[in-house]
Each structure stands twice: as C-alpha cells, then as structure tokens.
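Undergrad: Numbering (the numbering used here), first residue to last: 27 to 198.
This is the structure I want to talk about, given as structure tokens.
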C-alpha cells in the first residue's frame, strides 16, 4: 500500500477508535462544556470532519478558497450523537477510499491558493500528510477533554495501528 494511503487508513482507524471510546461513555459527554481548545468534544469532532471534507474537496479538484467556504458551516454544525458522527465520518472515509482507488499520482502538485498564506505548489502526498497530522492533533485535544471531564481516553497512536489485524472492519 502506498504510504500516503496507509496514513489515511491510520487516520480513519484512529477516528473510529476515539469515537468508539466516546460511545462507551455517557451520551452527555459529547456536549458537556469544558475549558479547552473547543467548547465541547462535539465541536472538536465537527472541526475534524469539516477540515477533512475541505481537503477531500481540494484533492478532488475544488480550489481551496471555494472548498473552505463550502465547509465553514460544517465546522459549526454540531451533531447530536456519537452515532451521527460515526456515520458522517464513515461516509467521508468511503469517499476518500474511492478517490484513493484511482491511484493518485502522489508527487503531482496542485497550486494551493491558501487564503491564510501565499499560493504554493503542494504535492498530493503533502496534503494527505496534513489531513492525518491535523486529525492527530485534534484527537489529542479530544483525549485531553475526556480527561478534563473525568474519563480515560484510548490509545490511537500510529504505532498501535500497525498491530491491528484488519483495520477495515473495526467499528466504534
């Protein structure tokens, strides 16, 4: 498997792993306010989903400013349950996997017109690494938020992913 595609599989597995942990807890945890990077765990999950969606749009041909505008509402759209987040993440993962089956040329560059920085030629592999890194960063926020709310988190490190039997079938 291509390293960029494998990193996406890790990202998908780690998202399902943290959602699975949240699913084990009282449903109120999702919307309980906490003094952290996000007001609630639901807000953090919405942010990860919105950014993943934005980058999927960029990878599949939408200019970054348009993709960003299209995804801003997703960032503030808080879902009611872990199951809803699981369904949304699963649907987006399916879209990514379909795109990955096209066997993208990972060293191909896009002129990324990032409204927060200057335009830059960016490789598809760099974008995928950013998607994964961004998700890892914010799953760390979720882990901290869980601890602040009095709950243990769950390991979702890349090195643990290596030891999973069949990451395609793990469900939260």
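C-beta atoms are modelled at their ideal positions from N, C-alpha and C, and glycine is treated no differently.
1. Do you know whose CA, among 105, 32, 94 and 90, lies nearest residue 66's CA?
2. What residue does the alpha helix (DSSP H) around residue 56 start on, and which one ends it?
3. Based on the DSSP secondary-structure assignment, which residues constitute the bridge partners of residue 147?
4. For the alpha helix (DSSP H) that contains residue 179, what are its first and last residues?
5. Quick one: grab the DSSP three-state call for residue 112.
6. Within its chain, find whatever has a CB closer than 8 Å to the CB of residue 59; leave out the 5 residues flanking it on each side and keep chain order.
7. For residue 188, does the count of other Cβ atoms within 10 angstroms reach 16, so buried, or fall short, so exposed?
8. Mark residue 113 as exposed unless 16 or more other C-beta atoms lie within 10 angstroms of its C-beta, in which case mark it buried.
TA: Let me spell this out:
1. By one-based count along the chain shown, residue 66 stands at place 40. When only C-alpha atoms are compared, the closest one is 105.
2. Along the chain shown, one-based indexing puts residue 56 at 30. It is not in any alpha helix (DSSP H) - residue 56 carries neither H nor E in the DSSP assignment.
3. On the chain shown, residue 147 is found 121 positions in, with the first residue counted as 1. DSSP lists 137 as partners of residue 147.
4. Here residue 179 is taken as the residue at index 153 of the chain shown, counted from 1. From DSSP, residue 179 is part of no alpha helix (DSSP H); its letter is neither H nor E.
5. Along the chain shown, one-based indexing puts residue 112 at 86. Residue 112: helix per DSSP, three-state reduction.
6. Counted from its first residue, the chain shown places residue 59 at position 33. Taken in chain order, the residues that qualify are 65 and 66.
7. Here residue 188 is taken as the residue at index 162 of the chain shown, counted from 1. Result: exposed.
8. Within the chain shown, numbered from 1, the residue matching residue 113 stands at position 87. Counting Cβ neighbours within 10 Å, residue 113 comes out exposed, since fewer than 16 surround it.
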